[in-house]
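In the working numbering, the protein residues as written are 5 to 1037.
Just so it is clear, CB atoms sit at the ideal spot from N, CA and C, and this is done for glycine as well.
Computed from a predicted structure; not experimentally measured.
Worksheet: one structure, shown below.
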């Protein structure tokens, strides 16, 4: 029995206790704990124990039978009362970390140290001693019973003499064995100390491999799989006499082998995250980085409240970077980062504005930072550089080979497997390993039987499974996620079967599915087969499916250019997904069938084409953009983008000699297939964003989104423990308790409903805007009430007054990680960090409270509304009522972008509303001329001036009636222009710009379309992905 006390240090330090535990679990554990005064709080538990081996004991309401193991922890057990849980934390198998290290060391000694292996076996004799002592005890009891009724000399009883002589021999033997045991224990303990780094490294890696399953259910791994890799590392690592070098060789081999084994079964988006976390965990153990540095790296300033922090000193710093720097200043190496920033603003800004991600030219005050601190600094101030600096850190910490993508080798994976080890391929868009498996089966001259799982396919799969088990061969179950019910039977058959034909193997392919059997995941060798990324790779895949006969299908000059153009478009629409919402609002799964259907239509169209009239480009564009590819598109703005691509590239200009998709991307003037392949091979490996029609800043968005996703996953899989953190600071519970107290202190009081109703009645209870305000106040009041109740209950739970249930535990975890709790988000809004969310809560309350108590605002912060669509609808209703004969059905929204910002507005408009706080993404804004222009480098978002949104009636003779702003404002704008001696010309084009609540551009976040003047055609901005966002946090 092992008990792990909350106030105890790491068990790994108690080697003496663990050796004793191995010899005599119950008695020695009791002796150890009862003899230590620091364990007084738990001694009462041991009063329930005696030496009876078969008795049933009771602790609280839980029964157990000796020998036993505790398999409970603080959170998941409902068998123990709260007081008992506060006294003890029971560990599973002497705490899992220790168990891993103990197994690792013992296995290592047995396999690598023959001398110590013999001594370990000698401990069996020591255990024999313990059993012999029990025999002696029984003999002495027998002697007592024999002597009591005995009359005369003891020596007259031969049986008693024999027992006494036997006990004497046993006593001598025990004495010798005990002496040997003491010596053996000392030698083994010394050896364990020497090889402890091997066990520690194994423990770090195993638990990381286990935690990765929290990212994706399909990443399951078993202890047996890890131990197999551990044993392989001991056998195959370079053997050398020097112990320290030997340990280093084993650790190096183990680290790379487990990394390679794991990452080949991870999707591309998770490989860097796993590798980074491995490097961080190892360096934490080495002492190369501290826990406070690690916390800042993964969380940044997520928990800070922007409203209560010092104001950022420079406009070029975004809010997130400023909060990150404030949090970074708590790390001792960066304690004066804010002062340095303010004193050397030019140096910091020059470095921030550089397009290169090289950190060799850091501001001179930080030019001597080590690799990790450079990584930490870049992550905090320039989020888009996180990925590149993470790679640099990984190379420095683990080695350059860890930055390379593992090459999929199915033959090597097959050689690793055995009869009872399935080979599981995780499917992704555009990738299916079936053809590769078929090629390997043919190479090995092995029969391959393929079953595509689905309804009714279990019968065929069952028959082929029995056939391949008996006669040999490979069975491939495609799309195994469509046959989950059969997989249970399949696994039981595999386990129950003892005799296999040597060539038998089972391959499976599956998509990610939360119900996929965990026993198959933990017993299989997993691999992914994602296609290479990039336009060049996409074109190579496509032209790999084209034959020379296909190129010569028809002699019309349009054919080959059209075939290349549709292949190029196919790569573009797939690769554009990586830019997130800036690329596509919804990441559509375009695949090979879309390309094949488009090619088939082009062939048919050319076959039926009248040579005199030529190609009907309108029909071709329609079929490609709205039927073949457009058939998958569900978002109107995405459909507009697809139509724009077709309009830009499929026209008569396609055949002109100077046609280019972009610089270095044109249509090759060749005829043979190998010439096309050669041309494609010479295309750039890294695609510039301009090839997609995007601005170069799109790379910043892409890198930032990748970094955000990676760090969020790392935060989510961190162990949730209530013990003191590694740095020795406050406990996790104490930190959350303090944060909750701070939030409660800042949280405004709830609105008093009868007072709200009275004030709204005085303002005009039937006014559309007042009705909207009433609904918004109800919403914010519910959020405030939910937050207050949650925080109060959380503090009570942390103090031990009430039970910490699942809901409160999730809130505790979220607050500690700087995330918005789920229970709060479902009543409110999305936000990237808890700090930003809480700041927005306070700002929203202020807007509602001011509107309620001081009258209608002159300018509205539209970001602060739960239902901005309802706000604009109320405005339309209000304007409609002001005009006789207008109908709400015919009234539409119009707008004008002013040259003023919020602080310049002193009067409300006569009709409509002024709104502020919108951000422009994908383009810049020329305030002087009030029109769109290209973004400046490194500036992803631009805050827009005030926008006047009003309603017009296109059916009237004067549709702009109602669009006139306040006259005083007009005078202000005229004088504003005259001071600068400039005139605003009428822009030749208008771009209809979508407005979204948040950066996630889905239909749920879409608000309306606004007009933005431009000197460029609207198609240019459509390809740029230009949109207005209410919030960028």
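Proximity to residue 751 across 791, 721 and 763 peaks at 791, based on C-alpha coordinates. Residue 466 and residue 509 have their C-alpha atoms spaced approximately 14 Å apart. Membership of residue 227 in the alpha helix (DSSP H) is indicated by the continuous run 227-240. Of all alpha-carbon atoms in 705, 687, 797 and 716, the one lying nearest the alpha-carbon of residue 740 is that of 797. Counting along the chain, the unbroken alpha helix (DSSP H) around residue 882 starts and ends at 872-885. Residue 912 places its beta carbon less than 8 Å from that of residue 860. Shortest Cα-Cα distance from residue 748 to any of 468, 557, 1003 and 788 involves 788. In the three-state reduction of the DSSP assignment, residue 843 falls in the helix class, which pools H, G and I. For residue 947, the enclosing beta strand (DSSP E) covers residues 945-947. As computed with DSSP, residue 478 is found in a beta bridge with 452 and 509. Between residue 539 and residue 575, the C-beta spacing is below 8 Å. One Cα belongs to residue 250, the other to residue 201, and the distance between them is close to 11 Å. CA-to-CA, the gap between residue 626 and residue 640 works out to about 15 Å. Collapsing the DSSP output to three states places residue 294 in coil. Between residue 453 and residue 479, the C-beta spacing is below 8 Å.
In chain order, 639, 641, 642, 1005 and 1006 place their CB closer than 7 Å to the CB of residue 589, counting only its own chain and leaving out the 5 sequence neighbours on each side.
One thing to note: residue 287 has its Cβ no nearer than 8 Å to the Cβ of residue 220. With 16 or more neighbouring CB atoms inside 10 Å of its own CB, residue 241 falls in the buried class. Under the DSSP assignment, residue 429 falls in the beta strand (DSSP E) whose first and last residues are 427-430. Put simply, of 1017, 891 and 996 the residue whose alpha carbon is nearest the alpha carbon of residue 956 is 891. In the structure shown, residue 1030 adopts coil according to DSSP, grouped into three states. If you look at residue 765, you'll find it in the alpha helix (DSSP H) that goes 757-768. With contacts defined as CB atoms closer than 8 Å, residue 699 and residue 692 fail to qualify as a contacting pair.
Burial check for residue 549: the Cβ neighbour count within 10 Å stays below 16, so the residue is exposed. Here residue 867 has 921, 1034 and 1035 as same chain residues with Cβ atoms under 7 Å from its own Cβ, once five neighbours each way along the sequence are excluded. Residue 604 sits away from residue 557, with the two beta carbons spaced by 8 Å or more.
According to the DSSP assignment, residue 920 belongs to the beta strand (DSSP E) that extends over 917-920. Cβ-Cβ separation between residue 482 and residue 501: approximately 22 Å, too far for a contact (criterion under 8 Å).
With distances taken between CA atoms, residue 1021 lies nearest to 937 out of 937, 1000 and 1010. The residues 544 and 547, in chain order, have a CB closer than 8 Å to that of residue 681 in the same chain once the five nearest residues on each side in sequence are set aside. For residue 1015, the enclosing beta strand (DSSP E) begins and ends at 1010-1018. Scanning 884, 932, 997 and 263 for the CA closest to the CA of residue 902 turns up 932. Here DSSP, grouped into helix, strand and coil, assigns residue 447 to helix. Residue 906 places its beta carbon less than 8 Å from that of residue 950. The residue from 445, 526, 939 and 1017 with its alpha-carbon nearest to that of residue 992 is 1017. With a beta-carbon spacing of about 5 Å, residue 781 and residue 852 fall inside the 8 Å limit used to define contacts.
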